Ligand SMILES: Cc1cc2nc3c(=O)[nH]c(=O)nc-3n(C[C@H](O)[C@H](O)[C@H](O)COP(=O)(O)O)c2cc1C
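In the working numbering, the protein residues as written are 19 to 391.
Here's what the structure looks like:
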């Protein structure tokens, strides 16, 4: 390096530090409401993923400054209690619990969270009953609810929801019909009463920044965390994620309107094919009068029972369910949770910095750009 280049590098470095600090201040302003609500450094929630979001990943996300959320799935109150205690032993940072509203012991599960002083409870899997929201609030915790449309978001806020999660169709797992981009435009400009977290298809910091600038208070990511070192997902499951591209994460197919299939986004695998064949066979038996409509429906619903566990825990990527969002294409390797969160934040900061430096694109900042004018 020439003496001039050395001098320029020395000059540039304090300016860069200053630019990065200013960018960080801007980002913090943008997601301040989400940070305050969650009590975290970053307003990034680790979306609850059944079998994946257990103590290790949840604690890792929270320890890295994000907000981990335990997926309680079909856990009994005793199992949930043990999982919360085990998570609390791994982190002193805030974390939440995701409860499925259809669970027959929802009230008991809420009580378990309250007994453990869990401050944030996410109610998922259907529109939550007002009684559940009230029970959470009465116990001193904050209920977060998923809203698939603005009208429902408003209703949930009136019922006491203290934050809303909007999750678009690009997400992994159970999905609604509307994309994140459209849901964000429908909800963010019109819902100011509570913080709104945006989920579905987010894999980079630039996308996080754009939703914050539209009025989001934070984001929720699931797929991007599956391949964290701290995630206990089976190596086969992780390998399938690393290999997949966005187009491999497809919604489950329904063959007959008389037999509804709950839409789930997952990586296509041999089980996807078998599900279609199984539906065809069940519908044929129903048409021949060999099955009642109710039994036929039950058989279709039963197909995926236990399939997520088979893939995530046992590593059976042929017969199991490989739930994944379209952002799976942005998962390129196993990484630590800290690295994933750092990467997301750096990408958001790079855009802000590029603007401060007079450039319109993050590439200006990433490549060094010119000094501020
Ligand atoms: C493997 C997997 C399992 C999931 N399980 C649940 C769940 O049990 N409860 C829930 O509310 N959401 C579940 N989700 C959705 C995530 O919490 C999160 O909202 C979603 O992954 C965000 O979209 P993204 O995948 O595009 O990041 C799951 C997602 C995945 C990929």
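Even for Gly, the Cβ is constructed at its ideal location relative to N, Cα and C. Just so we're clear, the structure is a prediction, and the values are computed from it rather than from any experiment.
Quick one: grab the DSSP three-state call for residue i.
i           : result
residue 347 : helix
residue 10  : The requested residue 10 does not occur in the structure, where the chain is confined to residues 19 to 391.
residue 331 : coil
residue 20  : Low confidence applies here, because residue 20 scores a pLDDT of 39, under 50, leaving its location unreliable; read the following figure in that light. It is coil, neither helix nor strand.
residue 215 : strand
residue 278 : coil
residue 36  : helix
residue 318 : helix
residue 283 : strand
residue 372 : helix
residue 246 : strand
residue 269 : strand
residue 236 : strand
residue 31  : helix
residue 118 : strand
residue 17  : Not covered by the structure: residue 17. The range shown for the chain is 19 to 391.
residue 74  : helix
residue 342 : coil
residue 297 : helix
residue 196 : coil
residue 14  : No answer is possible for residue 14: the residues shown for the chain start at 19 and end at 391.
residue 323 : coil
residue 365 : helix
Since residue i contacts residue j with CB under 8 Å, what's their CB separation in whole angstroms?
i           : j           : result
residue 250 : residue 81  : At roughly 16 Å, the Cβ-Cβ gap does not stay under 8 Å, so residue 250 and residue 81 are not in contact.
residue 207 : residue 236 : Between residue 236 and residue 207 the Cβ distance is about 17 Å, and since that is not below 8 Å, they are no contact.
residue 231 : residue 343 : Not really, about 22 Å apart at Cβ, beyond 8 Å.
residue 145 : residue 170 : 7 Å
residue 62  : residue 72  : At roughly 19 Å, the Cβ-Cβ gap does not stay under 8 Å, so residue 62 and residue 72 are not in contact.
residue 38  : residue 367 : 6 Å
Taking the CB atoms as reference points, tell me whether residue i and residue j lie closer together than 8 Å.
i           : j           : result
residue 222 : residue 365 : yes
residue 202 : residue 240 : no
residue 69  : residue 326 : yes
residue 141 : residue 182 : no
residue 335 : residue 254 : yes
Would you list the residues sitting across from residue i in a DSSP beta bridge?
i           : result
residue 183 : 164 and 215
residue 63  : 85 and 238
residue 151 : The partner list for residue 151 (beta bridge, DSSP) is empty, contrary to what the question assumes.
Item to complete: Using the beta-carbon of each residue, find all residues closer than 6 Å to any heavy atom of ligand 1 and list them in chain order.
Response: 65, 66, 67, 68, 70, 89, 91, 116, 142, 185, 188, 189, 190, 191, 217, 218, 219, 220, 238, 239, 240, 241, 242, 341, 342, 343 and 345
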